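Chains as they are written, first to last, in our numbering: chain F, 519 to 799; chain P, 16 to 283. Every residue, glycine too, gets a C-beta built ideally from N, C-alpha and C. Keep in mind the model is a prediction, meaning the values are calculated, not measured.
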């Protein structure tokens with residue numbers, strides 16, 4: 519992993535990330551062309567629920583293979599943006615384009631809740647992630663490989679009810695990864711986990727993102743998590759992109775380093791500027 | 016340590032075979048006390064015959080073939096009525112749980128019918144069907160219908176919408192979504208309906224057979240009453256208790272088999 523991460527550091531800025539993805543792809547064992555990330559272009563995106571306009575014109579380009587964190591106060595529309603990208607809501611106005619050859623199974627979502635089927639064993643839950651290919655002869659082998667990737671091979675025939683919160687979320691990650699998605703959207707995936715589990719899950723997310731080279735979009739309320747994981751942090755305010763920070767910190771990133779802390783402080787300051795009274799926050 | 020903490024451990028670990036017998040200790044003790052009360056003359060045989068007399072009556076009826084024939088007739092009525100009523104209830108529950116149109120069309124009507132006690136229909140049913148088999152089957156089917164219908168409907172409506180959304184994201188077709196998400200999610204509730212329905216099934220059948228029948232356990236009990244054969248009356252009641260227990264055990268076994276994923280059914 520240490521060796522692999524060397525490739526990451528020089529190309530953290532959005533422009534160079536395609537080269538990085540190319541390198542990462544070559545590194546992967548048994549890589550396929552379909553595992554490359556997709557680029558994402560959003561133009562004039564608006565979304566209203568009744569009279570309530572949640573997104574008021576988002577323009578955004580995410581290069582293939584980039585990892586982007588979206589932060590903002592609750593109710594700012596960050597989760598709605600993610601659900602629109604994942605195709606879970608209908609667009610009121612504007613466009614989201616994912617490149618010409620994108621298929622529905624190229625975009626996968628991971629939620630705050632693991633959403634595992636309680637009546638299916640761990641391995642069958644991972645097989646669900648294969649979508650229409652789940653009846654193919656190699657389905658089980660692929661599911662086992664994905665399960666191995668999150669380090670839960672020995673839990674393959676357990677019921678989800680006996681797993682811990684972190685383990686359930688790792689199964690959900692394996693399910694999202696098994697179809698080798700080209701865009702993976704995370705909606706507060708670590709929000710319900712305790713601090714130590716969060717840190718090990720962050721490392722796991724960073725590793726699979728690096729190994730598989732998908733485009734990652736991470737919605738989080740935790741700015742520290744955003745700067746630790748992402749190449750770029752977007753601040754959303756009142757349904758618009760208020761700020762676009764790029765995180766030029768080489769990987770592997772050390773949690774609590776001065777560079778990350780400074781960036782985190784800058785983003786937090788930006789987030790809090792909108793509120794009238796910051797003393798109580 | 017509190018009493019509750021200490022309770023499950025008492026006597027449990029060393030002799031696991033005795034575990035299965037524990038539920039039968041109380042019924043056996045009751046029979047024993049009952050026998051003693053009869054033998055000592057504390058209870059008159061005209062009020063309540065001794066268990067040994069009941070067993071003797073059962074043995075005689077068994078030899079004559081009458082007992083098995085009546086049990087078989089009652090069992091047949093119960094199961095056929097249950098299958099018809101349960102089948103219709105289950106189908107309508109599924110339809111109304113899955114389709115808005117079907118629900119709008121039939122649910123109000125069904126809720127109105129539900130509030131009529133089905134046993135109140137006995138006079139009408141006798142007028143319609145006389146006292147032959149169809150009358151009993153109709154009543155059992157009607158009684159069984161509602162618990163199955165209501166619980167199937169409730170089970171389907173309360174399936175976690177987040178899981179349904181997950182299924183759609185992962186490209187499940189409607190058929191797959193039903194088979195892999197909705198039906199397994201509704202199953203615990205369907206089983207609640209099943210066990211309610213089994214209770215109502217016996218209750219309905221006893222009443223129907225007592226009032227209007229020419230065979231079956233209820234008929235056997237009524238016939239015995241006319242000839243003052245109190246031991247046969249008690250025998251019929253005990254057989255009902257055993258059949259009810261049997262139906263309950265069968266549904267529990269089915270539950271264990273199909274709900275093994277559920278934390279409540281996992282062995283520790």
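So with CB distances below 9 Å, who are the chain P contacts of residue i?
| i | result |
| --- | --- |
| residue 572 of chain F | What residue 572 of chain F touches in chain P: nothing, since even the nearest Cβ is about 18 Å away. |
| residue 623 of chain F | 185, 186 |
Measure the C-alpha to C-alpha separation of residue i and residue j and round it to an integer number of angstroms.
| i | j | result |
| --- | --- | --- |
| residue 784 of chain F | residue 768 of chain F | 18 Å |
| residue 728 of chain F | residue 664 of chain F | 15 Å |
| residue 697 of chain F | residue 621 of chain F | 11 Å |
| residue 58 of chain P | residue 204 of chain P | 45 Å |
| residue 148 of chain P | residue 266 of chain P | 25 Å |
| residue 594 of chain F | residue 108 of chain P | 41 Å |
| residue 185 of chain P | residue 262 of chain P | 40 Å |
| residue 582 of chain F | residue 163 of chain P | 53 Å |
| residue 786 of chain F | residue 741 of chain F | 7 Å |
| residue 610 of chain F | residue 564 of chain F | 6 Å |
| residue 115 of chain P | residue 84 of chain P | 46 Å |
| residue 744 of chain F | residue 751 of chain F | 7 Å |
| residue 122 of chain P | residue 202 of chain P | 21 Å |
| residue 249 of chain P | residue 240 of chain P | 10 Å |
| residue 37 of chain P | residue 269 of chain P | 22 Å |
| residue 155 of chain P | residue 739 of chain F | 58 Å |
| residue 220 of chain P | residue 247 of chain P | 18 Å |
| residue 127 of chain P | residue 600 of chain F | 46 Å |
| residue 732 of chain F | residue 584 of chain F | 8 Å |
| residue 47 of chain P | residue 253 of chain P | 15 Å |
| residue 225 of chain P | residue 233 of chain P | 5 Å |
Taking 8 Å as the CB-CB limit, is residue i close to chain F?
| i | result |
| --- | --- |
| residue 181 of chain P | yes |
| residue 195 of chain P | yes |
| residue 33 of chain P | no |
Using a Cβ-Cβ distance cut-off of 8 Å, determine whether residue i contacts chain P.
| i | result |
| --- | --- |
| residue 688 of chain F | no |
| residue 679 of chain F | yes |
| residue 631 of chain F | yes |
Mind pulling the chain F residues with CB within less than 9 Å of residue i?
| i | result |
| --- | --- |
| residue 276 of chain P | 635, 636, 637, 638, 639, 677, 678, 679 |
| residue 199 of chain P | 635, 636, 637, 638 |
Any beta carbon of chain C sitting closer than 8 Å to that of residue i?
| i | result |
| --- | --- |
| residue 178 of chain P | The structure shown has no chain C; the protein chains it does contain are F and P. |
So which residues on chain P does residue i lean against when the C-beta distance must stay under 7 Å?
| i | result |
| --- | --- |
| residue 627 of chain F | 184 |
Using the three-state DSSP reduction, which class does residue i fall into: helix, strand or coil?
| i | result |
| --- | --- |
| residue 705 of chain F | strand |
| residue 579 of chain F | strand |
| residue 561 of chain F | strand |
| residue 14 of chain P | Nothing about residue 14 of chain P can be reported from this structure: the residues present for chain P run from 16 to 283 only. |
| residue 620 of chain F | coil |
| residue 628 of chain F | strand |
| residue 159 of chain P | helix |
| residue 749 of chain F | coil |
| residue 591 of chain F | coil |
| residue 146 of chain P | coil |
| residue 613 of chain F | strand |
| residue 651 of chain F | helix |
| residue 607 of chain F | coil |
| residue 253 of chain P | helix |
| residue 174 of chain P | coil |
| residue 763 of chain F | strand |
*the stretch 115 to 133 of chain P: which residues have C-beta closer than 8 Å to a C-beta of chain F, in chain order?*
none
*Looking at chain P, which residues of the stretch 645 to 678 of chain F have a Cβ within less than 7 Å of any of its Cβ atoms?*
646, 647, 649, 650, 677
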